[in-house]
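In my numbering, the protein residues as written are 1288 to 1396.
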DNA sequence: CCTATGACCATAG
DNA sequence: CCTATGGCCATAG
């Protein structure tokens, strides 16, 4: 059976998977904010958690992690060049290193 | 168990 | 436009 304490709690695993799941559904050519992902994953106010999860994403992941940017419409990682290129290849337009959330934000509701 | 950390966010100056 | 501050949440050490 399971060995509680020596493994991540079900809740934490579910949360990470939740976050992955939500990100996987971001439509091509759109972007979502960390806060938006957190909320959709059932963790309002957990924007930083999304960032942490993404920072620990396995290399070669199939997840469209590049579609997640901050609430200012800017890229949060140290070297934004690759992420920006990926987004631009999908038709997302940058202006002054910034995306117009007004135009490209993923609309769910 | 407790503290520090982080791919955040909103507000204020 | 910028930096600074306080709040937020779970995880890492």
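Ideal Cβ placement from N, Cα and C applies to all residues, glycine included.
Same chain only: Cβ atoms within 7 Å of residue i, ignoring 5 sequence neighbours per side
{"i": "residue 1322", "result": "1334, 1358"}
Same chain only: Cβ atoms within 6 Å of residue i, ignoring 5 sequence neighbours per side
{"i": "residue 1373", "result": "1353"}
{"i": "residue 1312", "result": "none"}
{"i": "residue 1378", "result": "1316"}
Residue from the options whose Cα sits closest to the Cα of residue i
{"i": "residue 1390", "options": "1311, 1304, 1317", "result": "1317"}
{"i": "residue 1315", "options": "1364, 1396, 1376, 1365", "result": "1376"}
{"i": "residue 1384", "options": "1339, 1367, 1310", "result": "1367"}
{"i": "residue 1388", "options": "1369, 1336, 1356", "result": "1356"}
Beta-bridge partners of residue i, as assigned by DSSP
{"i": "residue 1355", "result": "1319"}
{"i": "residue 1392", "result": "1318"}
{"i": "residue 1386", "result": "1381"}
Buried versus exposed call for residue i [16 or more other C-beta atoms within 10 Å across all chains shown]
{"i": "residue 1360", "result": "buried"}
{"i": "residue 1320", "result": "buried"}
{"i": "residue 1302", "result": "buried"}
{"i": "residue 1395", "result": "exposed"}
{"i": "residue 1325", "result": "buried"}
{"i": "residue 1380", "result": "exposed"}
Contacts around residue i, its chain only, beta-carbon distance under 8 Å, and the 5 residues preceding and following it disregarded
{"i": "residue 1338", "result": "1321, 1363"}
- Message: Is it the case that the stretch 1326-1334 contacts the stretch 1345-1354, given that we only count it when at least three CB pairs across the two stretches are under 8 Å?
- Response: No, because fewer than three Cβ pairs between the stretch 1345-1354 and the stretch 1326-1334 fall closer than 8 Å, the two stretches do not touch.
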